[in-house]
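Enquirer: Below is the structure I would like to discuss, written out as structure tokens.
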Amino acid sequence: MKKAKYLVLTGALLAFIVTGCSTTEEYPLGEFATGIIIINEGNFSDSNGSIGFYNESTEVVSDDIFNQANGVSPGGIIQSVYFYENLAFIIDQAGNRIEVVEAETFKAVATIDQGLTTPRYMVISNGKGYVSNWGNYDANYNLPESYVAVIDLTGFSVSKTIKTDNGSEGLIIFGGDIYVANSNSNTVELINTTNDIVTGTISVATGPRGFAEDKNGKVWVLSSELFANSALSQLDLSSEQVLKSFIIGSSAKSLNINGTGDQLYYLSAPYGADAEVKTVSIDATEDATVALIVAPNLYGLGVDPITGIIYLGNHNGFQGNGTVIRYDGDTMLDNFAAGIAPNGFIFRK
Amino acid sequence: MQPRSFMLSGRKAMIMALKNITSCVLRFLWQYILLFLGPICALAQELPTVKLETVEVVEQRLSPFAIGAKTTTLDSTLLSLEALPNLADIINYYTPIAVKSYGNGMLSTISFRGTGPSHTAVLWHGVNISYPMLGQSDLSMLSLALSNEVSIQHGTGSALYGSGALGGTVSLSNANPIIGTNLLLTQWAGSFGTYKNHIQASYANAKYFIKIATLWDQSNNNFEFNNITRPGVPTEVQEGADYNIFGASVESGFLIGKNGELSISGQYFNADRNLQPSMNANYLQDNQTDENIRIRARYQTNGTTINWNINYAYLHDVIGFNGAKTFADQQVIRAELEKKLYSWLNINVAADYNFIKIESPFYTEENTKESRSNVWASLLLNPTERLFISLNLRQSFNPQYKIPFTPTLGSEFILIKKSEHQLRINTLLAKGYRVPTLNERYWQPGGDLNLIPEDSYSAELGFSGKSANHLVYSYELTGYRMWVENWILWRPQGSFWSPENVKHVDVYGIEASGSLEHGLFSGKIKWSGNYAFTKSINRTGLDQFDRSVDKQLAYVPIHRATVTSTSEWNSWSLLVNVSYTGQRFVTADNEESLPNYILLNLRLSKSFRASKFLFNTHANINNLLNTQYHSVENKAMPGINLLFGLTISYYKP
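These protein sequence lines are chains A and B, in that order. Under the working numbering, read the first sequence as residues 338 to 686, first letter to last. Under the working numbering, read the second sequence as residues 322 to 974, first letter to last.
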């Protein structure tokens, strides 16, 4: 009799749980649907990259979400992650592979491990993926074999390669076509996505790395080269013109733009001094005179497009796990432990 | 890691290994027949008197002035039965010192007493053979087929051995051959296409000796492993880790006049390795070649009160990485004078000059040159029968940076001195230093000419005893502390890395070792064991977010232990070797680690005599437990594997 009572209770509880779950939403939202993705590059010698996740509302940090979802760490040197519709592409430059996962759960979908040589960044346009690849170094440590790999998104394989100038790096979609920054040269090349061939070249300051598009539809490119000043250039891609270009601090990287598209942010890491976060308006014609933030060991930068909060990745000298430090303007808010060498952030909102 | 899957694959691995072996043995025997049948037939007509080469194991100091320091001398009989190992294997199996291997047969660096790879001096016939660019040695590139004596001095020995001897000093040398004619042919063959050949011939009489040796060591190295970085932990075959090694050595010595002795040693070594990629890497592209020429000539006198020792060494190292080669040439001239001033006082004064030339595509200048010189003096006092005190003082000079004055004070007191039982107490106070390597100074970009030498202070106390009563045993217990300052660390500076004198590290630890020998039926069995407890603590925070302060250094196991038993029954012998490597943190903040592991190796040997020939056959089972372990994160290591060996030795007095 007593047992039966419990059974009824348990049954009711179960029914409540089951219905409670299934009635609120059409399908369950993935654990990592909204929040901040932290790209932990990993240590070069140990191939131990990972993906972290920060839930802003609960302030919970998940360390290795690929491992949580799949039982193994992604490993490798994770240069970047690209989100497209319900998929995310994890680009491992050491493993010459791309792990394709479900965007909201990070469950593994496919692996692309043929046809890539030091893959760096990815974009998807016209139903195809485009991945910049450095290719192998030559004896003088140049990158003469760089290319963009075209990815077939149904079979998840490389369908074509497009030779570029040395060191193909950052990519941006503009007017449905792809622009690639060739970091080991001084060119930005245009790839037509209809026939997948290079159809234009823009000369910019040496070492173009990354792009950001401002609110006026102009595209900015950050250039940096060893032992020289870095530069920011504003391009009009429709006319393939450099509108303006100015020198910025040394060893600059991580070009970001805020949510309203009018303020640029980048990291500068001068030799023998602490790193700097600098910000300039899109109307600027010269570098900011004062850094917004000065802090040691900075490696990654992200700007939340909604809140404007600045996320900084600190590599802790690559001696161990990194730290994420959050700033509101120049005021530090908080910090939390990340994986090894956090190099970038993706805001899923 | 799922332990269950290891057990399942163990059986499969064993079957695979056995399949592999059948073809190995056939090829192996065939090689032997072709190579050696001719000479054997010719020699077999000699009269049958076979003598087995045996070597007495004595606790031997690297230097008579190294009073107070713990020394481990590896049993050369044991080494001669090994499968032509390299120094990394031997240190891993038989000492408590930590070795970090980037794959099977790949770069292996030492961490002695919690220090880094450049904090152990590696000597060949007394000459430091660390690559001057790196200040460290790759232990997998030091074959014991060419240098058959290994002595290890624990703790700081900079006053005697110079730069880099902070954690310890490993000395390689060659024992003089026994009088007579000796020919030794050794071949091993085993799993994943591993073949090793060694030929050694020596002749010695009362006046002179000559010994030549060659080594071929090759492996496809395509072992199976469980890939823990892939979903489902699939079993995969390692690719791109094959290697090919050739080495040769000549050793010769002559007596000159009443008590003079001239000896010349030469070694050539050539290794071509494809560098084992990480388990999660998908490319096979890195290749490393190592080419070494080492020549040393020494004249010394063996008088009773005053002795000279003059050394000249030439070292030529070429390291190629994917075809980009770095050349290093070194010449070392050293003169030492030792004099017995009184029956209770010995002194030694010495000076050396070391000239280094590097040709590297990564350096600013095409030819980078550096010269270093040292003067040092040692006193050995023996005021009473039971007390020994040594004082060693060294000053090194480099035109570009100042090297601290380096003294060492050691003592040894014999507490119990009976014929059947002895107990000693050792103390040692030592200062150590390491000069910046040439990469740290000249690498472009990043090299910094303003670096200063790293320095350290250490203190240790030890007890050691041995007994040869009805039971033969020995034991040793040492405790130490060491403080390392100005530890050089490469840190990212802008878009490249640059070394800085930033780190302070405190080390403390305990080393224990013991051995026991007893009869077993008609044979005998010998046990030996080692244990090291090592706390190596970082005291430097790079910034306010650095969580590595007060944490154990990465890749320094807190616990390491080895146990070995060798048993002999008539012509049979069995070796059982167990080594335990504790958990190692892989990050400086100790947030990630590699689990501990146990390796079990077995070797069964049987010897036969036929005329003047001694045949020794061996069967090795390495990693019998099929442990899937990682010395370096994401680098696979082989599970159970087999090696079969045959040694034919010919001896004529």
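Even for Gly, the Cβ is constructed at its ideal location relative to N, Cα and C.
Would you say B:PHE866 faces chain A, with C-beta separation under 7 Å as the test?
Expert: Taking the second sequence and counting its residues from 1, one reaches residue 866 of chain B at position 545. For B:PHE866, the answer is yes, since a Cβ of chain A falls inside 7 Å of its Cβ.
Enquirer: Please identify the residue among B:LEU636, B:ASP871, B:LEU405, B:ASP864 whose C-alpha is closest to the C-alpha of B:TYR452.
Expert: Taking the second sequence and counting its residues from 1, one reaches residue 452 of chain B at position 131. Per the Cα distances, B:LEU636.
Enquirer: Beta-carbon within less than 6 Å of B:GLN609's beta-carbon, same chain only, minus the 5 sequence neighbours each way: which residues are those?
Expert: Stepping through the second sequence from its first residue, residue 609 of chain B is reached at position 288. The residues are ARG594, LEU596, PHE642.
Enquirer: Output the residue ranges of the alpha helix (DSSP H) runs that lie fully inside the region 763-814 of chain B and measure 4 residues or longer, sorted by chain position.
Expert: Complete alpha helix (DSSP H) runs here, min 4: none at all.
Enquirer: Which bits of chain B does A:TYR608 rub up against, with CB to CB less than 7 Å?
Expert: Counting from 1 along the first sequence, the entry for residue 608 of chain A is found at position 271. Within chain B, the residues near A:TYR608 are GLN814, GLY815.
Enquirer: Taking the continuous alpha helix (DSSP H) assigned at B:LEU402, which residues delimit it?
Expert: If you number the second sequence from 1, residue 402 of chain B lands on position 81. Here the alpha helix (DSSP H) through B:LEU402 covers 397-402.
Enquirer: Take the Cβ of B:LEU358 as the centre, count every other Cβ of all protein chains shown within 10 Å, and call the residue buried at 16 or more, exposed below.
Expert: The residue given as residue 358 of chain B occupies position 37 in the second sequence. Confidence at B:LEU358 is low in this model, with a pLDDT of 36, below 50, so its placement is unreliable and no value can be given for it.
Enquirer: Roughly how many angstroms lie between the CA atoms of B:ILE533 and B:TYR415, to the nearest whole one?
Expert: On the second sequence, position 212 is the one that residue 533 of chain B refers to. On the second sequence, position 94 is the one that residue 415 of chain B refers to. Taking the straight line from one Cα to the other gives about 27 Å.
Enquirer: For A:MET459, write down the residues that DSSP places opposite it in a beta bridge.
Expert: Along the first sequence, one-based indexing puts residue 459 of chain A at 122. Answer by DSSP bridge pairing, in chain order: A:VAL468.
Enquirer: Spatial neighbours of B:PHE936 within its chain, please: C-beta separation below 6 Å, excluding the five flanking residues on both sides.
Expert: Against the second sequence, residue 936 of chain B aligns to sequence position 615. Contacts found: PHE929, ILE969.
Enquirer: So, for B:PHE676: in the same chain, excluding its five sequence neighbours on each side, which residues have a beta-carbon less than 6 Å away from its beta-carbon?
Expert: What you label residue 676 of chain B is simply residue 355 of the second sequence in a count that begins at 1. Cβ neighbours of B:PHE676 beyond the five flanking positions: GLN652, SER692.
Enquirer: What separation, rounded to the nearest whole angstrom, lies between the Cα atoms of B:SER344 and B:VAL558?
Expert: Counting from 1 along the second sequence, the entry for residue 344 of chain B is found at position 23. Counting from 1 along the second sequence, the entry for residue 558 of chain B is found at position 237. Since pLDDT at B:SER344 reaches only 43, below the 50 mark, its modelled position is unreliable, and the value read off the structure follows with that caveat. Straight-line Cα distance between these residues: approximately 19 Å.
Enquirer: Between the region 498-512 of chain A and the region 664-684 of chain B, are three or more C-beta pairs nearer than 8 Å?
Expert: The region 498-512 of chain A is not in contact with the region 664-684 of chain B.
Enquirer: Who are the neighbours of A:LEU563 on chain B, taking C-beta pairs under 9 Å?
Expert: Within the first sequence, residue 563 of chain A is the residue found at index 226, counting from 1. What A:LEU563 touches in chain B: PRO766, GLY815, SER816, PHE817.
Enquirer: Kindly indicate if chain A contains any beta-carbon less than 7 Å away from that of B:PRO757.
Expert: For this step, residue 757 of chain B is matched to residue 436 along the second sequence. No, its Cβ sits nowhere closer than 7 Å to a Cβ of chain A.
Enquirer: How far does the alpha helix (DSSP H) with B:LEU408 in it extend, from its first residue to its last?
Expert: Numbered from its first residue, the second sequence carries residue 408 of chain B at position 87. B:LEU408 -> alpha helix (DSSP H) spans 408-415.
Enquirer: Run through chain A and tell me which residues come within less than 9 Å of B:VAL953, C-beta to C-beta.
Expert: Position 632 of the second sequence, counted from the first residue, corresponds to residue 953 of chain B. Under the 9 Å cutoff, chain A gives SER382, ASP383.
Enquirer: Counting Cβ pairs closer than 8 Å, one from the region 843-863 of chain B and one from the region 822-833 of chain B, do we hit at least three?
Expert: These segments touch.
Enquirer: Pull out every residue of the region 890-919 of chain B whose Cβ sits closer than 8 Å to any Cβ of chain A, in chain order.
Expert: Going along the region 890-919 of chain B in chain order, one finds VAL907, THR908, ALA909, ASP910, ASN911, GLU912, GLU913 with a Cβ nearer than 8 Å to chain A.
Enquirer: Answer yes or no: does any C-beta atom of chain A fall closer than 7 Å to that of B:ASN601?
Expert: Translated into positions along the second sequence, residue 601 of chain B becomes position 280. It does; some Cβ of chain A falls within 7 Å.
Enquirer: Could you work out which residue in A:SER462, A:ASN595, A:ASN503 is closest to A:PRO687 when comparing CA atoms only?
Expert: Residue 687 of chain A lies beyond the stretch modelled for chain A, which goes from 338 to 686, so this question has no answer here.
Enquirer: B:LEU481 lies in the alpha helix (DSSP H); which residues open and close that run?
Expert: Position 160 of the second sequence, counting from 1, holds the residue named residue 481 of chain B. From DSSP, the alpha helix (DSSP H) with B:LEU481 extends over 479-482.
Enquirer: Measure the C-alpha to C-alpha separation of A:ASN566 and A:SER605 and round it to an integer number of angstroms.
Expert: Locating residue 566 of chain A in the first sequence gives position 229, counting from the first residue. Locating residue 605 of chain A in the first sequence gives position 268, counting from the first residue. A:ASN566 and A:SER605: Cα-Cα distance of roughly 10 Å.
Enquirer: When burial is assigned at 16 or more other CB atoms within 10 Å of the CB, is B:PRO916 buried or exposed?
Expert: Taking the first residue of the second sequence as position 1, residue 916 of chain B is located at position 595. By the 10 Å Cβ count, B:PRO916 comes out exposed.
Enquirer: So if I threshold CB-CB distances at 9 Å, which residues from the region 539-564 of chain B count as touching chain A?
Expert: Answer in chain order: ASN548, ILE549, THR550, ARG551, PRO552, GLY553, VAL554.
Enquirer: Assuming contact is defined by CB atoms lying nearer than 7 Å, are A:TYR283 and A:THR616 in contact in what I supplied?
Expert: Here chain A has residues from 338 to 686 only, and residue 283 of chain A is not among them.
Enquirer: Counting C-beta neighbours from all protein chains within 10 Å, is the total for B:GLN721 16 or more, i.e. buried, or is it exposed?
Expert: On the second sequence, position 400 is the one that residue 721 of chain B refers to. Burial call: exposed.
Enquirer: How is A:GLN405 classed by DSSP in three states: helix, strand or coil?
Expert: To locate residue 405 of chain A, count along the first sequence from 1; it is residue 68. It is helical.
Enquirer: Evaluate the contact criterion for the region 564-574 of chain B versus the region 456-474 of chain B: three or more CB pairs, one atom per stretch, below 8 Å.
Expert: Yes, the region 564-574 of chain B is in contact with the region 456-474 of chain B.
Enquirer: Rounded to the nearest angstrom, what separates A:SER387 and A:ILE415 at their Cα positions?
Expert: Here residue 387 of chain A corresponds to residue number 50 of the first sequence, with the count starting at 1. Here residue 415 of chain A corresponds to residue number 78 of the first sequence, with the count starting at 1. Their backbone Cα atoms lie some 7 Å apart in a straight line.
Enquirer: Determine the contact status of B:PRO878 and B:THR902, defining contact as a CB-CB distance below 7 Å.
Expert: Here residue 878 of chain B refers to the residue found at position 557 of the second sequence. Here residue 902 of chain B refers to the residue found at position 581 of the second sequence. Their beta carbons are under 7 Å apart, which means B:PRO878 touches B:THR902 by this criterion.
Enquirer: Thinking C-alpha only, which one of B:ASN542, B:PRO757, B:GLY578 is nearest B:PHE718?
Expert: If you number the second sequence from 1, residue 718 of chain B lands on position 397. Considering only alpha carbons, the answer is B:PRO757.
Enquirer: Starting from B:ALA940, trace the beta strand (DSSP E) both ways and give me its first and last residue.
Expert: Here residue 940 of chain B corresponds to residue number 619 of the second sequence, with the count starting at 1. Run containing B:ALA940: 934-943, per the beta strand (DSSP E) assignment.
Enquirer: How many Å lie between B:SER422 and B:TYR971 at the Cα?
Expert: As a first step, residue 422 of chain B is located in the second sequence; it is residue number 101 there, counting from the start. As a first step, residue 971 of chain B is located in the second sequence; it is residue number 650 there, counting from the start. Going by the C-alpha atoms only, they are around 36 Å apart.
Enquirer: Would you report the Cα separation of B:LEU400 and A:VAL446, rounded to the nearest angstrom?
Expert: The residue labelled residue 400 of chain B in the question sits at position 79 within the second sequence. The residue labelled residue 446 of chain A in the question sits at position 109 within the first sequence. Approximately 52 Å between the Cα atoms of the pair.
Enquirer: Which of the three DSSP states, helix, strand or coil, is assigned to B:LYS956?
Expert: Counting from 1 along the second sequence, the entry for residue 956 of chain B is found at position 635. Three-state result, B:LYS956: coil.
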